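Trainee: Quick one: the structure is below, questions incoming.
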Amino acid sequence: MFLTEKKGFKEIDDALAGYKKIGIIGCASCASVCLTGGSKEVKEMEKHLEASGKEITFTISIDEPCDKRVLKEDIRFVEEEIKDTGALVVLSCGTGVQTIGEFTGKKVVAGTDSKYIAQTEHIGEYNALCGGCDECRLNFTGGVCTITLCPKGLLNGPC
117 MFLTEKKGFK EIDDALAGYK KIGIIGCASC ASVCLTGGSK EVKEMEKHLE
167 ASGKEITFTI SIDEPCDKRV LKEDIRFVEE EIKDTGALVV LSCGTGVQTI
217 GEFTGKKVVA GTDSKYIAQT EHIGEYNALC GGCDECRLNF TGGVCTITLC
267 PKGLLNGPC
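Here you go:
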């Protein structure tokens with residue numbers, strides 16, 4: 117799972133300056149588990165943006181907005197509304213934000229910060245086990261990511 121944290125409303129408001137009609141897209145997968153992009157958080161964002169004077173053209177939660185195949189299927193439910201929308205607030209990891217931007221051609225605003233690939237202990241309690249380093253060394257380290265688990269981020273040697 118990719119761990120995300122909510123951005124502050126001010127940063128989102130600043131990014132939406134000049135846009136009146138806004139769509140909100142949540143992630144019903146990872147961000148939903150992190151309590152940053154599920155139905156509740158989409159409603160919370162809608163309420164905030166309406167109070168800020170924005171017109172919300174639609175809200176939707178997509179199972180996996182980072183998967184083009186899933187996005188293509190789910191986005192069809194709001195394709196008419198998207199045509200009349202200036203910008204989209206996306207409550208997902210950065211991959212979902214970029215996939216939605218590429219697919220829709222609209223201005224996208226990230227409503228979350230992507231942190232790391234996480235193991236879920238309990239809802240709200242996560243362990244960083246993978247930093248997505250590109251060249252995975254798990255086969256050489258007995259299945260333990262020494263870079264992520266070492267406070268200094270060292271591949272080998274004393275921490």
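Take 117 as the starting number for the sequence shown in our numbering and just add one per residue.
Glycine is no exception: its CB is placed at the ideal position from the N, C-alpha and C atoms.
Please read all numbers here as calculations on a predicted model, not as lab measurements.
Does the Cβ of F118 have 16 or more other Cβ atoms within 10 Å, making it buried, or fewer, making it exposed?
Mentor: Burial call: buried.
Trainee: Determine, using beta carbons only, whether I216 and L187 come nearer to each other than 9 angstroms.
Mentor: Yes, the Cβ-Cβ distance between I216 and L187 is below 9 angstroms.
Trainee: Grab the span of the beta strand (DSSP E) containing K136 for me, first residue to last.
Mentor: Taken as a continuous stretch (DSSP letters only), K136 belongs to no beta strand (DSSP E), as it is neither H nor E.
Trainee: Contact check, S145 vs D179 under 8 angstroms by CB: the rounded distance?
Mentor: Yes, they are in contact, since the Cβ atoms of S145 and D179 sit about 6 angstroms apart, within 8 angstroms.
Trainee: Which partner residues does T215 have in the DSSP bridge list?
Mentor: Its beta-bridge partners do not exist; DSSP assigns none.
Trainee: Report the CB separation of A203 from K223 in whole angstroms; it is logged as a contact under 8 angstroms.
Mentor: Going by Cβ atoms, the distance from A203 to K223 rounds to 4 angstroms, so yes, they are a contact pair.
Trainee: According to the neighbour-count rule (16 or more other Cβ atoms, all chains shown, within 10 Å of its Cβ), is R237 buried or exposed?
Mentor: What sits at residue 237 in the sequence shown is Glu, not Arg. E237 comes out exposed.
Trainee: How would you call F193, buried or exposed, if buried means at least 16 neighbouring beta carbons within 10 angstroms?
Mentor: F193 is exposed by the Cβ-count criterion.
Trainee: Tell me whether the beta-carbon of T173 lies closer than 9 angstroms to the beta-carbon of G227.
Mentor: No, Cβ-Cβ distance for T173 and G227 is not below 9 angstroms.
Trainee: In the structure shown, what three-state DSSP assignment does T152 receive?
Mentor: Reduced to three states, the DSSP call for T152 is coil.
Trainee: State the beta-bridge partners of T201 as determined by DSSP.
Mentor: Beta-bridge pairing links T201 to no other residue.
Trainee: Could you compute how far the alpha carbon of Y232 sits from the alpha carbon of S168?
Mentor: Distance between the alpha carbons of Y232 and S168: 31 angstroms.
Trainee: Strictly by DSSP, which residues pair up with C143?
Mentor: Paired residues: I178.
Trainee: List the DSSP bridge partners of C246.
Mentor: Answer by DSSP bridge pairing, in chain order: I233.
Trainee: Please classify L165: does DSSP put it in a helix, a strand, or coil?
Mentor: It is helical.
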